[in-house]
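J.: Here's a structure for you.
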DNA sequence: TCATAAGACGGACTGTAGTCCGCTAAAGAC
DNA sequence: GTCTTTAGCGGACTACAGTCCGTCTTATGA
C-alpha cells in the first residue's frame, strides 16, 4: 500500500480537457454519435491518453456522470430526510427511487454508455455499490426476514438504463414509472 | 402483405451451417472468444451471409437460444400446471421465474450476447414480449390494482443476463437467487 | 430446356474500440 | 541549473462489427 502520488500537472490538464471535450461533443451530436477518436481529437490529445485515463468508453461515461451522482450520494448520506437519514426506511427507499429515476431520466444516454461495456460494467462501478449498500441496509431494517443483499439488487434492476430507455421509447412517461415502482416498493416493504 | 416466399435451398443450407458452426465454436472457445469472422470461416460461408441472416451478433445468439426458449414457451402456453394454465396466478409466476432462472443459468454467456447489442436489444426480441405478456396477465389477475404492464417489466428486470452473471461471479448460488426472487414475488402477489 | 428475374453470396471496405511501446516532459534531489 | 527517475504522452497498430455491391444461384414458367 504505497502513498498515492499527487496527479501530475499535464495529466490533470489532459483529464479536464478530455472531459470538457466529451461533454461538448455528447451534447452537440448525441452520445452514441461520438467516437473516442473524435473526443481525443477535440481535446487535442492522443487516443492513448483517453484510454489510459478512463479505461474504456464506459469509464468515460462514468466519469461524466460522477459529479451528478455524487450530489445524490451526498444527499443520501448526510442530507435532510427523507433522502437523508432520519426518515423511516420505507420512506427513504421511496425517496431514493424517485431521485434516482429523475437522475436517470435526465442522462439516459450517458447511463446506457456507462452500463454497457459488454461485460457487467454496471455492477462493478463504485456508485452501484453505494446504491446497493444503501438499499440493502434499509431493506434489512424494514424486513429483516428478507435476503436484503439480493433484494437490493432486485430493486435496482428496474433502474437499468436500457430498460428505462426502452420503456420511455414505448411511450411510458416518467410519472408512470415512478408510480409503478413506488407501488412495487410498497408491496415489498409494507410500512 | 404479400406471401412470404419459401426459403431458398442455398439460404437454408447456409443458415444451418452457420448455426452449427457457431454452436461448435461457442462451446469450444467460449462465447465471447469467438468472432463472427471465425464463425463465417468455420461455416465455410462469407461474412456477409452471416450478417444478412442474423442481422448482428445478438441476432445470432437469439437464434441459438430460440430452440431452448421455445421449449419453455410451449410449456407455459399449453403444458401442465403450474407452468401451464390451470394453477393460480401466483403459483404460475413462481413456476415461471424458477424455470427461467434455470434456463438463464445454463446459457448465461449466450443470453448476455443476445441482450447486449448496445441498444436495448433485450426488450425488442419476440421472446421478451412473450414473457412480458405472460407475467402481465398473471399480475393483472392476481393484483388488478397494480400497473400490470409495468410491474411485469419490473419482475423481468432481475432476470437480466448481466446481473445474473455478476451475482453468480460474486458467489451467489442459483438456489439463493431463486429463493430471493420467490420471496419478492410473494410480497408482490400475496396468495 | 432455357431465359429471366428475385434473391442470396462473399469478400473487400469502413469505422471504431482498445493495445502497445518508444519518446517526452514533469518533479524532486542535490 | 542539471541529473535522474518516473509517470504520462500519442499515434501507429490490431482486431472486430457491420456495410456494400458486383457476381452468381436458384426457382419459375414458357
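Chains as they are written, first to last, in this note's numbering: chain X, 144 to 334; chain E, 144 to 334. Glycine included, C-beta positions come from ideal geometry on N, C-alpha and C.
1) Work out the CA separation of residue 151 of chain X and residue 321 of chain E for me, nearest whole Å.
2) Under DSSP, the alpha helix (DSSP H) around residue 236 of chain X begins and ends at which residues?
3) Looking at the secondary structure, which residues open and close the alpha helix (DSSP H) in which residue 268 of chain E lies?
4) Which chain E residues are close to residue 294 of chain X, counting only those with a beta carbon under 8 Å from its beta carbon?
5) Whose C-alpha, out of E/169, E/163, E/273 and E/281, is nearest the C-alpha of residue 236 of chain E?
6) Check the Cβ-Cβ distances between residue 157 of chain E and every residue of chain X, and say whether any is below 8 Å.
7) Go through the segment 298-325 of chain E residue by residue and report every complete run of the alpha helix (DSSP H) that reaches 4 residues or more, in order.
8) Could you tell me whether the segment 298-310 of chain X touches the segment 261-281 of chain X, where touching means 3 or more Cβ pairs closer than 8 Å?
9) Identify, in the order they occur along the chain, each residue of the same chain with its Cβ nearer than 8 Å to the Cβ of residue 189 of chain X, setting aside the five sequence neighbours on each side.
10) Given that residue 202 of chain E touches chain X, what residues does it touch there, using C-beta distances under 8 Å?
11) Within 10 angstroms of its Cβ, does residue 263 of chain E collect 16 or more other Cβ (buried), or is it exposed?
12) I'd like to confirm the pairing. Which residues does DSSP put opposite residue 228 of chain E in its beta bridges?
13) In chain order, what residues of the same chain have a beta carbon less than 7 Å from the beta carbon of residue 160 of chain E, not counting five sequence neighbours either side?
14) Quick one, which of X/292, X/252, X/213 and X/324 has its alpha-carbon nearest residue 175 of chain X's?
15) Beta-carbon within less than 6 Å of residue 292 of chain E's beta-carbon, same chain only, minus the 5 sequence neighbours each way: which residues are those?
16) Going by CA-CA distance only, name the one from X/286, X/230, X/242 and X/313 that's closest to residue 332 of chain X.
17) Would you call the segment 305-321 of chain X and the segment 209-225 of chain X touching, i.e. three or more CB-CB distances under 8 Å?
18) With 8 Å as the threshold, decide whether the Cβ of residue 266 of chain X is near any Cβ in chain E.
19) From the beta carbon of residue 244 of chain X, is the nearest beta carbon of chain E less than 8 Å away?
20) For residue 144 of chain E, which of helix, strand or coil comes out of DSSP?
21) Among E/231, E/289, E/202 and E/259, which one has its Cα closest to the Cα of residue 354 of chain X?
22) State the Cα-Cα distance for the pair residue 177 of chain E and residue 168 of chain E, rounded to the nearest angstrom.
23) Taking only beta carbons into account, state which residues of the segment 296-310 of chain E come closer than 7 Å to chain X, listed in chain order.
24) Distance, Cα to Cα, residue 243 of chain E vs residue 215 of chain E?
25) Straight-line CA distance for residue 144 of chain X to residue 206 of chain X?
26) Out of curiosity, what's the CA-to-CA distance linking residue 211 of chain E and residue 256 of chain E?
27) Within this structure, are the beta carbons of residue 226 of chain E and residue 325 of chain E separated by less than 8 Å?
28) In chain E, which residues lie less than 7 Å from residue 330 of chain X when you measure between Cβ atoms?
29) How is residue 222 of chain E classed by DSSP in three states: helix, strand or coil?
30) Closer than 8 Å by beta-carbon distance: list the chain E residues that pair up with residue 319 of chain X, in chain order.
31) Which same chain residues end up closer than 7 Å to residue 156 of chain X when comparing Cβ atoms and leaving out the 5 residues on each side of it in sequence?
32) For residue 231 of chain X and residue 277 of chain E, what's the separation of their Cα atoms in angstroms?
T.: Inspection of the coordinates gives the following:
1) 49 Å
2) 232-249
3) Segment: none, residue 268 of chain E is in no alpha helix (DSSP H) and carries neither H nor E.
4) 323, 326 and 327
5) Residue E/281 is the option with its Cα nearest to residue 236 of chain E.
6) For residue 157 of chain E, no CB of chain X lies under 8 Å from its own CB, so it is not counted at the interface with that chain.
7) 304-312
8) yes
9) Closer than 8 Å at the Cβ level, and outside the excluded window around residue 189 of chain X, lie 183.
10) In chain order: nothing, as chain X lies at least about 16 Å away.
11) Buried, because 16 or more other Cβ atoms sit within 10 Å of the Cβ of residue 263 of chain E.
12) E/230
13) 186, 187 and 188
14) Of all alpha-carbon atoms in X/292, X/252, X/213 and X/324, the one lying nearest the alpha-carbon of residue 175 of chain X is that of X/252.
15) 279
16) X/286
17) Taking 8 Å as the limit for Cβ pairs, the verdict is that the segment 209-225 of chain X does not touch the segment 305-321 of chain X.
18) yes
19) no
20) Its pLDDT being 49, under 50, residue 144 of chain E is placed unreliably by the model, and the measurement read from it follows with that caveat. Here DSSP, grouped into helix, strand and coil, assigns residue 144 of chain E to coil.
21) As shown, chain X starts at 144 and ends at 334. That puts residue 354 of chain X outside it, with no answer to give.
22) 7 Å
23) 296, 297, 300, 301, 303, 305, 306, 308, 309 and 310
24) 8 Å
25) Only weak support exists for where residue 144 of chain X lies, its pLDDT of 47 falling under 50; the coordinates are left without a value.
26) 15 Å
27) Not a contact, by the Cβ cut-off of 8 Å.
28) 330 and 331
29) Coil, per DSSP.
30) 290 and 293
31) none
32) 35 Å
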